[in-house]
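A.B. asks: Structure below; questions to follow.
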Amino acid sequence: MDVTFSLEYEQFRQEVRTFIAEHWSSKDAQDRDAAAFRRRGIERGYLYRGIPRQFGGSEQPRDPIKAYIIQREYARSNAPGEISGGGPSHLTPTLLAEGEEWQKEMFIPKTLTGEYVWCQGYSEPGAGSDLAGISTRATLEGDEWAIEGQKVWTSNAHRATHMYALVRTEPNAPKHEGISYLLLRMDQPGIVVRPLKQITGEATFNEVFFAGARTPKDWIVGKRGQGWAVSRTLLAFERNHVGAAEASEDLFDKLLRLAKAASINGLPALQDPLIRDELIKIQCMISAHRLSGLRQLAMDAAGATEHLAVGSFNKLYGSIIAERIARAAQKLMNDHAIAQPVEGGGRSRWVRQYMNSIAAQLGGGTSNIHRNIIAERRLGLPREAAGVEH
Amino acid sequence: MKFHPSEDQLALVDPVERYLRSACDMPRLRRAFEGDDAIRADIWIGLCELGLAGVMVPQSHGGLELSLFDVVLITERLGWWATPGPWPWHVLATMAIAEYGSTAQKSEWLPRLATGEIVGVCAFAEGDRWDPETWTLHSGDGVSGSKDYVPALHHADVCVLGLAEGRLGLVDLNGPGLELEPWASTDLTRPVGQLRLSQAKVDPLPFGGGTEIFDAALTLLAADAHGGCQRMLEDIVEYSKMRVQFGRPIGSFQAVKHTLADLALSIEPNATLAWHAARAFDERSGELRAAAATAKAHVTDTFADVARTATESYGGIGYTWAHPAHIWLRRSIFDYACLGPPSHHRARLADMLGW
């Protein structure tokens, strides 16, 4: 379902659609043309709307509905829009809020064009859910920080040019007050990136080892010891997760095709009453998720106060849907889940999705951590045991 | 775009909420729950004084002529307060007459229904069959048969009946040839009964409307269930902050926190399901049937889970008659079963989608 808006917005949608049709076709899909098209998009005010022009954004007045329409239209045509990843979505807003002017000038424009590719150095082997327990150390040696330690679950580290990282700079300060937010280059001898093979057999994450890695003294965002607070800046920006249901919708369509193709006791699986019931349950959840995303958009556009912890709700709800799709697919795969009789048989991807849906419960904070956030921030329940955390 | 209530709509709900806060406070609700008819009647009269009996009656017949989306928002609050009485059946009866009745039927019934001078209800079920496709009664002067699980039957004056071929008809409950048998009801805020007709008069509504009114009923039941979900969650959250065991509030234990977070998670996105169905009704959209089935199936299913888990989370106190949790637990059982259980509407939905 595509939502329709007031006439003014529908005209805007037409404008965006025409712009894309005139300037982009899938045969343009080479890097240089993509970059040129992206530049045009910024000039038109379609991309990086919240970022000042001096840093490479288009500096548009806030309008969540326009932003939504632009995102939908770009996705529809598969046209190159904003660069994805932590650089534009995490580091840039953090720098805008907490960075020095020269840092904004130096890092933001090249991040927005994709020249600088960032990875996020947060999790460590000893600091997962308890992120503030990091032990990677940075010590000032002359004009440089020297970094020793290890990060893990670092997506994109193998192709990143830079990292934004949380490191311990004040070893004697209390846990949350001893952390700084540093920026560093990835192409240096003190850094080793090793792919981390995951349960699917692929390696989309990495381990990153620091042994005498270096970064200039002033590549720090915020003051020494304030890195924890700086890394939380984004929480205040947390809003508008409209579209969170779209990934589920695509996956569900594929599940439905599987249910039509697979058979149970000689009948199409979709005719099996239990399968039908479970699939409709999932479909109901997806409807609720999609509609409440539109509600969040409407609230956002009206300037209404956002519900607390809305990001945790969306993340958790989406991962529950992914899990239910995986479990339904398991029933439908039958013995194809043991081995593919035919090389390249399409059903094997469901084995991968089955395992991937576990990652959905873990990445970006485990499901139980998000349950804590919902319980504490939205429901106002007390923290678990005073004294353990602080 | 109507994915969030407007300021006007919120302003509409506000006086209803203020009224319910005193009309359905716990001592009064408890008395109504225990069978005090005077309190039940008093709560309904107050709602009528706010004009709610005529929310869906055209202004030309003395009503407020609101939208079903407005009624959904009101119904959520009535569900939150476990409001006893003929809501939303009375509203559905007025909708049926206003939309599908003849000029004479409208003039005869609507003005008095709009003020609440008389009460309307709806009768759909024949045994365990609720859907318009399964209705068998006909209209005419000598109709015999019965309708089951009719809510608020004993306080009603006129009943909208589901008839064969998805049609609707009116029965004057003060007329001859009728027997009203009260049944032992699970939900003590909404007693039901059986309506038996022998050679009774059923006056047909000339313009159909059975499926639309049934879909509106599904939508309003979902709204009631959503309000009930919110109330049960809010109450158990407050209790968990206050109740101390092992020297700390039980709400600080992760086992409790995660249980309640999961309830919040299952409730949060559901409001929009009934809103979406109501909007489809108001706009005469083809999405109504699927949207109403989705809302009823999913929200009343959620209510059943929420009510059960919340009641259990109180520990022993929640299992006592004196504790109010079972008022909503009982409403959740009603909402789940009434108009057909969630699994039934999921099966309908699968058929509608051509699966």
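Protein sequences, first through last, are from chains Y and B.
Numbered according to numbering that gives the first Met the number 0, the first sequence terminates at residue 389, and the numbering increases by one at each position without gaps.
Numbered according to numbering that gives the first Met the number 0, the second sequence terminates at residue 354, and the numbering increases by one at each position without gaps.
Beta carbons: idealized from backbone N, C-alpha and C, even for Gly.
(1) Taking T301(B) as the reference, give the member of Q253(B), Q229(B) and L352(B) with the closest Cα.
(2) Measure from the C-beta of E9(Y) to each C-beta in chain B and report whether the shortest distance is under 8 Å.
(3) From which residue to which residue does the alpha helix (DSSP H) around V56(B) run?
(4) Step through the CB atoms of chain Y and report whether any lies within less than 8 Å of the CB of W320(B).
(5) What residue ranges within the region 187 to 244 of chain B form continuous beta strand (DSSP E) runs of no fewer than 3 residues, ordered along the chain?
(6) Check the Cβ-Cβ distances between G250(B) and every residue of chain Y, and say whether any is below 8 Å.
(7) Buried or exposed for Q119(Y), please, with buried defined as at least 16 other CB atoms from any protein chain shown within 10 angstroms of its CB.
(8) With H, G and I counted as helix, E and B as strand and the rest as coil, what does DSSP make of A358(Y)?
(9) Between E169(Y) and the rest of its own chain, which residues show a CB-CB distance below 6 Å, the 5 nearest in sequence each way excluded?
(10) Touch check for the region 35 to 49 of chain B and the region 109 to 122 of chain B: three-plus C-beta pairs under 8 Å?
(11) Output the boundary residues of the alpha helix (DSSP H) element that contains S21(B).
(12) So what's N269(B) in DSSP terms, helix, strand or just coil?
(13) With burial defined as no fewer than 16 other Cβ atoms inside 10 Å of the residue's Cβ, what is the status of I372(Y): buried or exposed?
(14) Three Cβ pairs or more, each shorter than 8 Å: is that satisfied between the region 196 to 216 of chain Y and the region 133 to 143 of chain Y?
(15) What is the residue span of the alpha helix (DSSP H) that A74(Y) lies within?
(16) At a cut of 8 Å, does the region 47 to 57 of chain Y reach the region 92 to 112 of chain Y through at least three beta carbon pairs?
(17) Rounded to a whole number of angstroms, what is the C-alpha to C-alpha distance between P131(B) and I212(B)?
(18) Determine the chain B residues that contact N264(Y) at a beta-carbon separation under 8 Å, and present them in chain order.
(19) Can we say the region 170 to 180 of chain B touches the region 213 to 229 of chain B, given the rule of at least three CB pairs closer than 8 Å?
(20) To the nearest angstrom, how far is the alpha carbon of R329(B) from that of P272(Y)?
(21) Quick one: using the 10 Å Cβ neighbour count with 16 as the cut-off for buried, is T135(Y) buried or exposed?
(22) Give me the residue from R382(Y), I274(Y), T17(Y) and A338(Y) with the minimum Cα distance to A346(B).
(23) Which residues in chain Y sit within 8 Å of T236(B), going by Cβ to Cβ distance?
(24) Ignoring anything shorter than 4 residues or poking outside the region 74 to 103 of chain B, list the alpha helix (DSSP H) runs there in chain order.
(25) Hey, is the region 251 to 267 of chain B in contact with the region 318 to 337 of chain B, meaning 3+ C-beta pairs nearer than 8 Å?
(26) By DSSP, does H137(B) sit in helix, in strand, or in coil?
(27) Please classify T135(Y): does DSSP put it in a helix, a strand, or coil?
(28) What is the C-beta distance between V159(B) and A215(B), in whole angstroms, given that I count them as a contact (C-beta under 8 Å)?
(29) For S21(B), go through chain Y and note every residue whose CB falls closer than 9 Å to its CB, in chain order.
(30) Taking contact to mean at least 3 C-beta pairs separated by less than 8 Å, is the region 6 to 17 of chain B in contact with the region 279 to 289 of chain B?
(31) For a quick check, are the C-beta atoms of S57(Y) and I41(Y) less than 8 Å apart?
(32) Using the Cα positions of T82(B) and I249(B), report the straight-line distance between them to the nearest angstrom.
(33) Buried or exposed for F54(Y), please, with buried defined as at least 16 other CB atoms from any protein chain shown within 10 angstroms of its CB.
(34) Under 8 Å: do the region 72 to 89 of chain B and the region 7 to 22 of chain B share three or more Cβ pairs, one atom per stretch?
(35) Should Q198(B) be labelled buried (16 or more other beta-carbon atoms within 10 Å of its own) or exposed?
(36) How is R347(B) classed by DSSP in three states: helix, strand or coil?
C.D. replies: Judging by the given coordinates:
(1) Counting from one through the second sequence, the residue named residue 301(B) turns up at place 302. Ranking Q253(B), Q229(B) and L352(B) by Cα distance to T301(B) puts Q229(B) first.
(2) The residue labelled residue 9(Y) in the question sits at position 10 within the first sequence. At a cut-off of 8 Å, the C-beta of E9(Y) has no neighbouring C-beta in chain B.
(3) Here the question's residue 56(B) lines up with position 57 in the second sequence. Run containing V56(B): none; DSSP gives neither H nor E here.
(4) Position 321 of the second sequence, counted from the start, is the residue given in the question as residue 320(B). False, the Cβ-Cβ gap to chain Y never drops below 8 Å.
(5) 191 to 203
(6) Translated into positions along the second sequence, residue 250(B) becomes position 251. Yes, because at least one Cβ of chain Y sits closer than 8 Å to the Cβ of G250(B).
(7) Counted from its first residue, the first sequence places residue 119(Y) at position 120. Residue environment analysis places Q119(Y) among the buried positions, since at least 16 neighbouring C-beta atoms fall within 10 angstroms of its C-beta.
(8) Stepping through the first sequence from its first residue, residue 358(Y) is reached at position 359. A358(Y): helix per DSSP, three-state reduction.
(9) Locating residue 169(Y) in the first sequence gives position 170, counting from the first residue. Excluding residues within five positions, the ones whose Cβ falls inside 6 Å are G177 and G224.
(10) Three or more Cβ pairs drawn from the region 35 to 49 of chain B and the region 109 to 122 of chain B lie within less than 8 Å of each other, which places the two stretches in contact.
(11) Taking the first residue of the second sequence as position 1, residue 21(B) is located at position 22. Per DSSP, S21(B) belongs to the alpha helix (DSSP H) from E6 to A22.
(12) Position 270 of the second sequence, counted from the first residue, corresponds to residue 269(B). Three-state DSSP puts N269(B) in a helix.
(13) Here residue 372(Y) refers to the residue found at position 373 when the first sequence is read from its first residue. Result: buried.
(14) yes
(15) Indexing the first sequence from 1 puts residue 74(Y) at position 75. Here the alpha helix (DSSP H) through A74(Y) covers P63 to S76.
(16) Output reads yes: the region 92 to 112 of chain Y touches the region 47 to 57 of chain Y.
(17) Against the second sequence, residue 131(B) aligns to sequence position 132. Against the second sequence, residue 212(B) aligns to sequence position 213. Taking the straight line from one Cα to the other gives about 10 Å.
(18) On the first sequence, position 265 is the one that residue 264(Y) refers to. Correct list: empty, because the minimum Cβ distance to chain B is about 17 Å.
(19) no
(20) As a first step, residue 329(B) is located in the second sequence; it is residue number 330 there, counting from the start. As a first step, residue 272(Y) is located in the first sequence; it is residue number 273 there, counting from the start. Rounded to the nearest angstrom, the two C-alpha atoms are 28 Å apart.
(21) If you number the first sequence from 1, residue 135(Y) lands on position 136. Buried, by the Cβ-count rule.
(22) In the second sequence, residue 346(B) corresponds to position 347, counting from 1. With distances taken between Cα atoms, A346(B) lies closest to I274(Y).
(23) Locating residue 236(B) in the second sequence gives position 237, where the first residue counts as 1. The displayed chain sequence assigns Val, not Thr, to residue 236(B). By Cβ distance, chain Y contributes L378, G379 and L380.
(24) Counting only runs that start and end inside the region 74 to 103 of chain B, the alpha helix (DSSP H) elements of at least 4 residues fall at 88 to 99.
(25) no
(26) Here residue 137(B) refers to the residue found at position 138 of the second sequence. Three-state result, H137(B): coil.
(27) Mapped onto the first sequence, residue 135(Y) falls at position 136. Of the three classes helix, strand and coil, the one that applies to T135(Y) here is coil, per DSSP.
(28) Against the second sequence, residue 159(B) aligns to sequence position 160. Against the second sequence, residue 215(B) aligns to sequence position 216. Contact flag wrong, Cβ pair sits at about 12 Å.
(29) As a working note, residue 21(B) is residue 22 in the second sequence. Ordered by position in chain Y, no residue passes the 9 Å Cβ test against S21(B), which lies about 26 Å from the chain.
(30) no
(31) Here residue 57(Y) corresponds to residue number 58 of the first sequence, with the count starting at 1. Here residue 41(Y) corresponds to residue number 42 of the first sequence, with the count starting at 1. Yes; because the gap between Cβ atoms is below 8 Å, this pair is in contact.
(32) Along the second sequence, read from residue 1 onward, the residue named residue 82(B) stands at position 83. Along the second sequence, read from residue 1 onward, the residue named residue 249(B) stands at position 250. Using only the alpha carbons, I get a separation of about 30 Å.
(33) Sequence index remark: in the first sequence, residue 54(Y) carries index 55 (1-based). Buried: at least 16 other Cβ atoms inside 10 Å.
(34) The region 72 to 89 of chain B is in contact with the region 7 to 22 of chain B.
(35) Within the second sequence, residue 198(B) is the residue found at index 199, counting from 1. With fewer than 16 other Cβ atoms within 10 Å, it is exposed.
(36) Indexing the second sequence from 1 puts residue 347(B) at position 348. Residue state, collapsed to three classes: helix.
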